[in-house]
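Residue numbers (this note's numbering): -19 to 269. Worksheet: one structure, shown below.
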């Protein structure tokens, strides 16, 4: 899922400390934030936009395309269903530690509504030079700059490092998709690859993965039909067998989900898998000619 500069954004939980900070940063960057939601502060103005009691009320007063959730884990289900009932096209779930049963319910409802979901535990979306939604440092020109590389990452910190290396190599990003590190998420690695393959601005893809789960192996099945080169870095190469990483999604059983399994699947599909993040910039320059 890619967010564009002309899309209108609703911030659910806008009056919170983190939401206030990142809403202001989004606005400064050019993101079209048209309103926020906090049932206890409906009727107020915050960050220069009206605060509504619900997403449905917001849609009745000022149409929006994207809803980003800065809400506690136990409030995500209710907030997401509110946004779905309002008819939103895209939902960005930033919150981590959301109960799995709530995530499954929301994703099922979103599927029925035809709404795209990124996350939970997503760092957000960035379209350099246009807008961003979430808490990635899009405003730092040493990290994000418009260019030809589409970036997919389960991790916000590793995604930031990768984008830094891309810019240092004289390139830039067409889009950053932070899919999130939880075991159950909306947009998967494979689906993100499909989005970037269809994106006219993307000439090559960088896939940042990590041990655990099977998303990278599943994504490898789509790579052979792509017209764009894919480079990957998988975190966790030196981890002992069976070791969990920081993300809830970094869980695996047996060989499936291990570093070797992911690397073999991706390399077998024609992906150039790197040993260290420091190789990202130079390798992307090579594959893009």
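All residues carry an ideal CB built from backbone N, CA and C; glycine is no exception.
Subject >> Simplified DSSP assignment, three categories, for residue 183 >> reply: coil
**OP:** State the start and end residues of the unbroken alpha helix (DSSP H) segment that holds residue 56.
**Re:** 56 to 66
Original post:
residue 176 to residue 184, Cα distance in whole Å?
Top reply: 8 Å
Subject >> Option nearest residue 47 by Cα separation, candidates 182, 116, 38 >> reply: The shortest Cα separation from residue 47 among 182, 116, 38 belongs to 38.
Subject >> residue 264 versus residue 151: straight-line alpha-carbon distance, rounded >> reply: 8 Å
Subject >> Best match in 172, 89, 249, -6 for proximity to residue 188 [C-alpha to C-alpha] >> reply: For residue 188, the closest of 172, 89, 249, -6 by C-alpha to C-alpha distance is 172.
Subject >> Exposure of residue 205, with buried meaning 16 or more beta-carbon neighbours within 10 Å >> reply: exposed
Subject >> Inside the segment 139 to 167 only - beta strand (DSSP E) runs reaching at least 3 residues >> reply: 153 to 158
Original post:
Taking the alpha-carbon positions, what's the residue -13 to residue 41 distance?
Top reply: Each residue's CA atom was taken as its position, placing residue -13 and residue 41 some 16 Å apart.
Subject >> Unbroken stretches of the beta strand (DSSP E), 3 residues or longer, contained in the segment -2 to 76 >> reply: The qualifying runs are 12 to 17, 29 to 32, 46 to 49, 70 to 73.
Original post:
Could you give the residue range of the alpha helix (DSSP H) that holds residue 248?
Top reply: 239 to 248
Original post:
Given 8 Å as the limit, is there contact between the segment 114 to 121 and the segment 1 to 17, that is, 3 or more CB pairs closer than that?
Top reply: yes
**OP:** Would you identify the three-state DSSP class for residue 128, choosing helix, strand or coil?
**Re:** strand
Original post:
Where do the N-terminal and C-terminal ends of the alpha helix (DSSP H) with residue 114 fall, by residue?
Top reply: Per DSSP, residue 114 belongs to no alpha helix (DSSP H); it is in the beta strand (DSSP E), 111 to 114.
**OP:** Could you tell me the distance, in whole angstroms, from the CA atom of residue 103 to the CA atom of residue 159?
**Re:** 8 Å
Subject >> beta strand (DSSP E) segment containing residue 203, residue limits >> reply: Taken as a continuous stretch (DSSP letters only), residue 203 belongs to no beta strand (DSSP E), as it is neither H nor E.
Original post:
Alpha carbon to alpha carbon, how far is residue 192 from residue 165?
Top reply: 14 Å
Subject >> Straight-line Cα distance separating residue 261 from residue 54 >> reply: Cα to Cα, residue 54 sits roughly 40 Å from residue 261.
Original post:
Thinking C-alpha only, which one of 248, 174, 146 is nearest residue 259?
Top reply: 146
Original post:
What distance in whole Å lies between the Cβ atoms of residue 97 and residue 71, which are believed to be in contact at a cut-off of 8 Å?
Top reply: 5 Å
Original post:
Any idea if residue 247 is buried or exposed, counting beta-carbon neighbours within 10 angstroms, 16 or more meaning buried?
Top reply: exposed
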